[in-house]
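Residue numbers for the sequence shown follow the numbering used here, beginning at -13 and rising by one. Built from N, CA and C at the ideal position, the CB exists for glycine as well.
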Amino acid sequence: MNDDASVAKIPMESLRCNPFRFVLLMSLICLPHLLWAQSAANSGQIAGEILDPSGAAVAGVEVSVRNVDTNY
-13 MNDDASVAKI
-3 PMESLRCNPF
7 RFVLLMSLIC
17 LPHLLWAQSA
27 ANSGQIAGEI
37 LDPSGAAVAG
47 VEVSVRNVDT
57 NY
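What follows is the structure, given as C-alpha coordinates:
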(Lines of atoms letter the chains of each structure in order from A and count residues from 1; the text may use other names and numbers.)
(Lines give C-alpha, C1' and ligand atoms only; values in the text may rest on other atoms or scores of the structure.)
Protein backbone atom coordinates (compact mmCIF):
# COMPACT_ATOMS: atom_id res chain seq x y z
CA MET A 1 0.00 0.00 0.00
CA ASN A 2 1.97 2.93 -1.23
CA ASP A 3 -0.22 6.04 -1.22
CA ASP A 4 1.90 8.82 -2.70
CA ALA A 5 -0.88 11.36 -2.19
CA SER A 6 -0.48 11.26 1.61
CA VAL A 7 3.31 11.67 1.62
CA ALA A 8 4.62 15.23 1.50
CA LYS A 9 7.43 15.81 -0.94
CA ILE A 10 10.24 17.91 0.57
CA PRO A 11 12.84 19.24 -1.85
CA MET A 12 16.43 18.33 -0.92
CA GLU A 13 17.48 22.00 -1.09
CA SER A 14 15.36 22.78 1.98
CA LEU A 15 17.07 20.03 4.00
CA ARG A 16 20.60 21.31 3.42
CA CYS A 17 22.22 23.34 6.17
CA ASN A 18 22.36 27.00 5.27
CA PRO A 19 25.49 28.46 6.96
CA PHE A 20 23.78 31.82 7.53
CA ARG A 21 20.83 30.15 9.26
CA PHE A 22 23.17 28.04 11.35
CA VAL A 23 25.19 31.06 12.54
CA LEU A 24 22.01 33.01 13.23
CA LEU A 25 20.51 30.14 15.22
CA MET A 26 23.69 29.61 17.25
CA SER A 27 23.91 33.35 17.95
CA LEU A 28 20.34 33.45 19.21
CA ILE A 29 21.00 30.45 21.44
CA CYS A 30 24.36 31.66 22.83
CA LEU A 31 23.78 35.42 23.16
CA PRO A 32 21.57 35.32 26.29
CA HIS A 33 24.07 33.04 28.03
CA LEU A 34 27.00 35.30 27.18
CA LEU A 35 25.18 38.38 28.45
CA TRP A 36 24.26 36.62 31.68
CA ALA A 37 27.83 35.41 32.19
CA GLN A 38 29.22 38.93 31.80
CA SER A 39 26.71 40.44 34.19
CA ALA A 40 27.42 37.75 36.77
CA ALA A 41 31.17 38.31 36.52
CA ASN A 42 30.88 42.03 37.31
CA SER A 43 28.84 41.74 40.44
CA GLY A 44 29.41 40.43 43.90
CA GLN A 45 28.69 40.96 47.54
CA ILE A 46 30.93 41.96 50.40
CA ALA A 47 29.73 41.83 53.98
CA GLY A 48 31.48 42.73 57.18
CA GLU A 49 31.84 45.15 60.06
CA ILE A 50 34.07 48.19 60.48
CA LEU A 51 35.54 48.27 63.96
CA ASP A 52 37.78 50.76 65.70
CA PRO A 53 40.92 49.58 67.57
CA SER A 54 38.90 49.00 70.75
CA GLY A 55 36.46 46.70 68.90
CA ALA A 56 33.49 49.07 68.84
CA ALA A 57 31.44 49.38 65.65
CA VAL A 58 32.02 52.57 63.66
CA ALA A 59 28.87 54.24 62.28
CA GLY A 60 28.60 56.16 59.00
CA VAL A 61 31.68 54.65 57.36
CA GLU A 62 31.97 54.61 53.56
CA VAL A 63 33.99 51.74 52.10
CA SER A 64 35.43 51.68 48.57
CA VAL A 65 36.53 48.44 46.92
CA ARG A 66 38.67 48.22 43.78
CA ASN A 67 39.83 45.23 41.75
CA VAL A 68 43.62 45.55 41.58
CA ASP A 69 43.76 43.54 38.33
CA THR A 70 41.35 45.77 36.39
CA ASN A 71 41.53 48.93 38.52
CA TYR A 72 37.74 48.96 38.37
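Looking at C-alpha atoms only, which residue of Pro39, Asn53, Asp55 and Glu35 is the closest neighbour of Gly46? Looking at the Cα atoms, Glu35 is the closest of the given residues.
Does the separation of the CB atoms of Ile32 and Val51 fall below 8 Å? Yes, they are a contact pair.
Candidates Tyr58, Thr56 and Leu37, of which the one nearest Glu48 by Cα: Answer by Cα proximity: Leu37.
Rounding to the nearest angstrom, what Cα-Cα distance links Leu21 and Met12 in this structure? Separation of Leu21 and Met12 (C-alpha to C-alpha, rounded to the nearest whole angstrom) is 14 Å.
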